[in-house]
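Novice:
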Amino acid sequence: MTLEEKTKKLLKDAKTIAVVCNQWGDTGKGKLVDFFADWADIIARGTGGANAGHTIVANGEKHVVHLVPSGITYDPQGKINILGEGVAFDPITMKQELETLAQEGLSFNNLMISRNAKLVLPQHIALDRLENTADGQTKIGSTGRGIGPVYEDHVGRRGLVVNDMLNPRIFGEKLEANLQHNLSLLKSKDPKAVKKVLEQKALLNGKFYDPYDILDTKEMISVYLEFGQFFRKWISDTEDFLANSVGKKRILLEGAQGFLLSYEHGSHPFVTSSNCSIQGLVKGVGLSEKDVERVFGIAKAFYMTRVGEGPFPTEFGGAESSEWCKNHTRQNERERFPNPNINSSCELEQGVAARVIGEEYGATTGRPRRTGWLDLPLLRLAAKTNGSELILTKVDVLDSCERIKVCVDYKYEGPDYQLGNETLKSGRELRVAIMDPNVLPHCIPIYQEFPGWQSAIRNIREYSKLPQKLKEIIRFIELETSIVSVGPERDQTIIRD
Ligand code: GDP
Ligand code: IMO
Ligand code: MG
14 MTLEEKTKKL LKDAKTIAVV CNQWGDTGKG KLVDFFADWA DIIARGTGGA
64 NAGHTIVANG EKHVVHLVPS GITYDPQGKI NILGEGVAFD PITMKQELET
114 LAQEGLSFNN LMISRNAKLV LPQHIALDRL ENTADGQTKI GSTGRGIGPV
164 YEDHVGRRGL VVNDMLNPRI FGEKLEANLQ HNLSLLKSKD PKAVKKVLEQ
214 KALLNGKFYD PYDILDTKEM ISVYLEFGQF FRKWISDTED FLANSVGKKR
264 ILLEGAQGFL LSYEHGSHPF VTSSNCSIQG LVKGVGLSEK DVERVFGIAK
314 AFYMTRVGEG PFPTEFGGAE SSEWCKNHTR QNERERFPNP NINSSCELEQ
364 GVAARVIGEE YGATTGRPRR TGWLDLPLLR LAAKTNGSEL ILTKVDVLDS
414 CERIKVCVDY KYEGPDYQLG NETLKSGREL RVAIMDPNVL PHCIPIYQEF
464 PGWQSAIRNI REYSKLPQKL KEIIRFIELE TSIVSVGPER DQTIIRD
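The structure is reproduced here in structure tokens:
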């Protein structure tokens with residue numbers, strides 16, 4: 014059977030499917046959405062914004078998309094790519110992204126942008142970046158794309174939406190009301206830091222900076238109304254369009270970020286500001302969970318990654334590694350470890366090796382991603398919301414690993430902690446992670462060790478031909494693994510018979 018036939022068999026009569034991440038992002042959503050886009054008529058994103066970095070490798074060519082949906086390489090075939098109302102839409106990044114992708118030979122004839130998508134403005138990017146450089150609790154290592162502030166404004170009833178850029182009077186009025194709130198926040202910051210941030214490229218190199226009022230409102234109005242005219246042909250009621258397409262067209266919903274980063278489900282405060290689960294995704298495109306027939310939750314296996322701050326129980330090298338990732342770049346970590354060994358007894362080195370083999374450097378920020386072993390208590394938690402159907406990616410990265418450790422349970426080793434009507438005591442074992450900032454940092458992983466398969470799997474295309482030792486670990490995970498990804502290319506994908 015060809016891969017296309019196997020995909021059809023896997024999806025049976027399903028008309029609407031979704032791909033979401035069950036970990037901390039960067040699990041290969043871009044690859045899998047591009048893979049399923051061949052099957053789909055419509056591809057729609059509903060959450061996050063330019064904080065995402067989704068990599069597509071199609072016929073040897075690599076594209077990284079931040080805002081544009083990952084089905085975009087199918088635009089010439091008439092497939093529709095949608096940005097739903099839940100998306101944080103930054104016209105500056107979007108325009109730059111379209112220019113870059115156009116230079117790479119991509120087209121955008123069938124792009125649709127929801128008129129209700131949340132509009133990211135300079136004040137959001139500036140505030141996000143200024144918070145990000147602060148010390149202490151507020152510094153969570155955000156991507157600096159304005160995501161937190163734009164969603165705050167939306168729920169705070171002072172946000173603007175994409176459609177406002179098409180109506181000059183309304184844009185001006187809403188901007189003024191929004192700035193009443195945000196300017197006072199900006200004025201509370203160090204003026205030098207504010208100026209520096211506003212002079213960055215993401216804010217058009219100081220175009221909006223005003224030495225007296227901080228932001229030049231006239232300039233902002235003129236630039237954003239111009240953006241409105243530029244994007245106008247793509248802006249429409251995508252919620253209505255999708256609702257009318259359910260059951261008639263093949264719809265593929267593309268998740269962004271990851272379940273464990275979700276503000277609804279993740280480890281506060283080290284989260285993003287959207288609900289990255291299937292619930293947030295369907296809401297963000299204007300559908301309901303009942304419309305989705307198959308939900309595929311992606312997990313890297315048998316290691317995982319995290320970018321930015323926050324607890325990571327199975328991290329290779331623990332706190333030493335998180336500090337290391339903060340202070341190193343792709344280039345300078347190779348000075349200390351020119352040939353890192355994945356089987357090293359030094360956990361920090363093992364983590365560097367996994368990062369180098371898996372190319373784990375942020376697609377959006379270039380930061381080294383923290384690495385650690387697969388964590389089942391966290392995966393079980395994600396599966397409670399996203400469902401039990403799994404796609405395992407990056408399995409080839411551990412090809413040369415002699416021993417593979419999987420975290421099967423946690424042992425809580427913190428002070429007595431009142432959890433509702435029960436007291437969590439030291440020594441208690443937990444099968445499913447508890448996403449409480451007072452619990453997760455005190456959870457010590459209990460590992461089960463497996464012998465590695467120690468052979469190259471990138472050219473394998475049949476599940477039955479995968480090494481026995483590898484299939485035993487997959488069986489051990491218990492959830493239903495439907496697809497195993499063994500490389501970044503479209504065809505390096507194994508559908509289970
Ligand atoms: P996303 O944010 O979930 O779309 O993931 P990213 O694109 O940020 O990061 C995933 C990285 O892994 C990208 O560089 C992909 O090209 C790559 N990738 C995806 N699947 C596989 C795989 O099975 N094996 C390997 N080695 N790389 C993969
Ligand atoms: P994709 O879609 C990995 C992380 C940031 C930070 C936290 C909050 O490529 O998987 P934000 O800028 O969203 O306010 O940052 O969330 N983060 C991601 N980590 N992959 C992503 O997206 C991420 N998007 C946000 O590193 O810790
Ligand atoms: Mg990514």
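With this note's numbering, letter number 75 in the sequence shown gets 88, and the count goes up by one each step, no holes.
Cβ atoms here follow ideal geometry from the backbone N, Cα and C, with glycine treated the same way.
This structure is a prediction, so every number in the text was calculated from the model and none was measured.
Please give me, in chain order, every unbroken run of the alpha helix (DSSP H) with length at least 4 that falls completely inside the stretch 243-309.
Specialist: Here the runs fully enclosed are 251-258, 291-298.
Novice: Using the beta-carbon of each residue, find all residues closer than 5 Å to any heavy atom of the ligand MG and list them in chain order.
Specialist: This criterion selects 39, 66, 376.
Novice: Skipping 5 residues on each side, what residues in its chain have a beta carbon closer than 8 Å to that of residue 28?
Specialist: As a first step, residue 28 is located in the sequence shown; it is residue number 15 there, counting from the start. Contacts found: 259, 260, 261, 262, 263, 264, 306.
Novice: In angstroms, rounded to a whole number, what distance separates the CA positions of residue 149 and residue 22?
Specialist: Reading the sequence shown from its first residue, position 136 is the one you call residue 149. Reading the sequence shown from its first residue, position 9 is the one you call residue 22. With a pLDDT of 46 at residue 149, under the threshold of 50, the modelled position of this residue cannot be trusted, and the question is left open.
Novice: Check whether the Cβ of residue 46 sits closer than 7 Å to any heavy atom of the ligand IMO, and report yes or no.
Specialist: Counting from 1 along the sequence shown, the entry for residue 46 is found at position 33. No, the beta carbon of residue 46 sits no closer than 7 Å to any heavy atom of the ligand IMO.
Novice: Can you find a heavy atom of the ligand IMO that lies under 7 Å from the Cβ of residue 453?
Specialist: Position 440 of the sequence shown holds residue 453. No.
Novice: I need the boundaries of the alpha helix (DSSP H) containing residue 346, first residue and last residue.
Specialist: Here residue 346 is taken as the residue at index 333 of the sequence shown, counted from 1. Note, residue 346: alpha helix (DSSP H), 343-349.
Novice: Pick out whichever of 463, 339, 387, 43 has its Cα sitting closest to the Cα of residue 326.
Specialist: Here the question's residue 326 lines up with position 313 in the sequence shown. The candidate whose alpha carbon is nearest that of residue 326 is 387.
Novice: Kindly examine the ligand GDP and report whether one of its heavy atoms sits closer than 7 Å to the Cβ of residue 409.
Specialist: Working through the sequence shown from its first residue, we reach residue 409 at position 396. Because some heavy atom of the ligand GDP lies under 7 Å away, the Cβ of residue 409 counts as near it: yes.
Novice: Helix or strand or just coil, what does DSSP make of residue 387?
Specialist: Taking the first residue of the sequence shown as position 1, residue 387 is located at position 374. Three-state DSSP puts residue 387 in coil, outside helix and strand.
Novice: Considering only the beta carbon of each residue, do residue 176 and residue 129 sit closer than 8 Å?
Specialist: Counting from one through the sequence shown, the residue named residue 176 turns up at place 163. Counting from one through the sequence shown, the residue named residue 129 turns up at place 116. Yes, the pair counts as a contact, with Cβ atoms nearer than the cut-off.
Novice: Check whether the Cβ of residue 351 lies closer than 8 Å to any Cβ atom in chain C.
Specialist: Note that chain C does not occur in the displayed structure, where there is just one protein chain.
Novice: Please classify residue 479 as buried or exposed, where buried requires at least 16 other C-beta atoms within 10 Å of its C-beta.
Specialist: Mapped onto the sequence shown, residue 479 falls at position 466. Counting Cβ neighbours within 10 Å, residue 479 comes out buried, since at least 16 surround it.
Novice: How is the beta strand (DSSP E) around residue 67 delimited, first residue to last?
Specialist: The residue labelled residue 67 in the question sits at position 54 within the sequence shown. Taken as a continuous stretch (DSSP letters only), the beta strand (DSSP E) holding residue 67 covers 67-71.
Novice: For the putative contact between residue 366 and residue 358, defined by C-beta atoms under 8 Å, what is the C-beta separation to the nearest angstrom?
Specialist: Translated into the one-based positions of the sequence shown, residue 366 becomes position 353. Translated into the one-based positions of the sequence shown, residue 358 becomes position 345. No, residue 366 and residue 358 are not in contact; Cβ-Cβ is about 12 Å, not under 8 Å.
Novice: Kindly examine the ligand IMO and report whether one of its heavy atoms sits closer than 7 Å to the Cβ of residue 155.
Specialist: Working through the sequence shown from its first residue, we reach residue 155 at position 142. The answer is yes for residue 155.
Novice: CB of residue 406 to nearest heavy atom of the ligand FAD: below 7 Å?
Specialist: Only the ligand GDP, the ligand IMO and the ligand MG can be found as ligands here, which leaves the ligand FAD out of the picture.
Novice: Throw me the rounded Cβ distance for the residue 140 and residue 195 pair, which I believe falls under 8 Å.
Specialist: By 1-based counting over the sequence shown, the position of residue 140 is 127. By 1-based counting over the sequence shown, the position of residue 195 is 182. That belief holds up - the Cβ atoms of residue 140 and residue 195 are roughly 7 Å apart, short of 8 Å.
Novice: Relative to the alpha-carbon of residue 58, which residue among 220, 251, 221 has its alpha-carbon at the smallest distance?
Specialist: Residue mapping note: residue 58 aligns to position 45 of the sequence shown, counting from 1. Checked all of 220, 251, 221; the closest Cα to residue 58 is 251.
Novice: Note down, in chain order, each residue of its chain lying with its Cβ closer than 8 Å to the Cβ of residue 493, except the 5 sequence neighbours on either side.
Specialist: Position 480 of the sequence shown, counting from 1, holds the residue named residue 493. Once the five neighbours on either side are set aside, the close Cβ partners of residue 493 are 401, 402, 403.
Novice: Is any heavy atom in the ligand GDP found nearer than 7 Å to the beta carbon of residue 414?
Specialist: Sequence index remark: in the sequence shown, residue 414 carries index 401 (1-based). No, the ligand GDP has no heavy atom inside 7 Å of this Cβ.
Novice: Please classify residue 457 as buried or exposed, where buried requires at least 16 neighbouring CB atoms within 10 angstroms.
Specialist: In the sequence shown, the residue the question calls residue 457 occupies position 444. Exposed is the call here.
Novice: Could you say if the stretch 438-456 and the stretch 369-383 meet the contact criterion of at least three C-beta pairs nearer than 8 Å?
Specialist: Result no; under three Cβ-Cβ pairs closer than 8 Å.
Novice: Please report the residue range of the beta strand (DSSP E) in which residue 317 lies.
Specialist: Translated into the one-based positions of the sequence shown, residue 317 becomes position 304. 316-319 is the extent of the beta strand (DSSP E) around residue 317.
Novice: Label residue 363 either buried or exposed according to how many other C-beta atoms from any shown protein chain fall within 10 Å of its C-beta, with 16 as the threshold for buried.
Specialist: Taking the sequence shown and counting its residues from 1, the one referred to as residue 363 is at position 350. Per the 10 Å Cβ criterion, buried.
Novice: Figure out for me which residue from 219, 319, 329 has the closest Cα to the Cα of residue 385.
Specialist: As a position in the sequence shown, residue 385 is number 372, starting the count at 1. Of 219, 319, 329, the residue nearest in Cα terms is 329.
Novice: Verify whether the separation of the beta carbon atoms of residue 99 and residue 275 is less than 8 Å.
Specialist: Locating residue 99 in the sequence shown gives position 86, counting from the first residue. Locating residue 275 in the sequence shown gives position 262, counting from the first residue. Against a cut-off of 8 Å, the Cβ pair of residue 275 and residue 99 comes out as no contact.
Novice: Say the cut is 7 Å; is the CB of residue 160 nearer than that to a heavy atom of the ligand IMO?
Specialist: The residue you call residue 160 lines up with position 147 of the sequence shown. Checking the Cβ of residue 160 against the ligand IMO gives yes.
Novice: Does any heavy atom of the ligand GDP sit closer than 7 Å to the C-beta of residue 505?
Specialist: Position 492 of the sequence shown, counted from the start, is the residue given in the question as residue 505. Residue 505: yes, Cβ under 7 Å from the ligand GDP.
Novice: Is DSSP giving residue 121 helix, strand or coil here?
Specialist: Position 108 of the sequence shown, counting from 1, holds the residue named residue 121. Coil.
Novice: Using three-state DSSP, classify residue 21 as helix, strand or coil.
Specialist: Mapped onto the sequence shown, residue 21 falls at position 8. In the structure shown, residue 21 sits in a helix (DSSP, three-state: H, G or I).
Novice: Check for me: the alpha helix (DSSP H) holding residue 135 runs from which residue to which?
Specialist: Position 122 of the sequence shown, counted from the first residue, corresponds to residue 135. Residue 135 -> alpha helix (DSSP H) spans 135-145.
Novice: Thinking just about the alpha-carbon of each residue, which of 420, 455, 206, 43 is nearest to the one in residue 427?
Specialist: Here residue 427 is taken as the residue at index 414 of the sequence shown, counted from 1. Selected option, being the one with the closest Cα: 455.
Novice: So, with DSSP's three-state summary, where would you put residue 416?
Specialist: Within the sequence shown, the letter at position 403 stands for residue 416. It is a strand residue.
Novice: Could you compute how far the alpha carbon of residue 32 sits from the alpha carbon of residue 410?
Specialist: Walking along the sequence shown from the start, residue 32 turns up at place 19. Walking along the sequence shown from the start, residue 410 turns up at place 397. Distance between the alpha carbons of residue 32 and residue 410: 22 Å.
Novice: State yes or no: is the C-beta of residue 420 within less than 8 Å of the C-beta of residue 355?
Specialist: The count along the sequence shown starts at 1 and reaches residue 420 at position 407. The count along the sequence shown starts at 1 and reaches residue 355 at position 342. Going by C-beta atoms, residue 420 is not nearer than 8 Å to residue 355.
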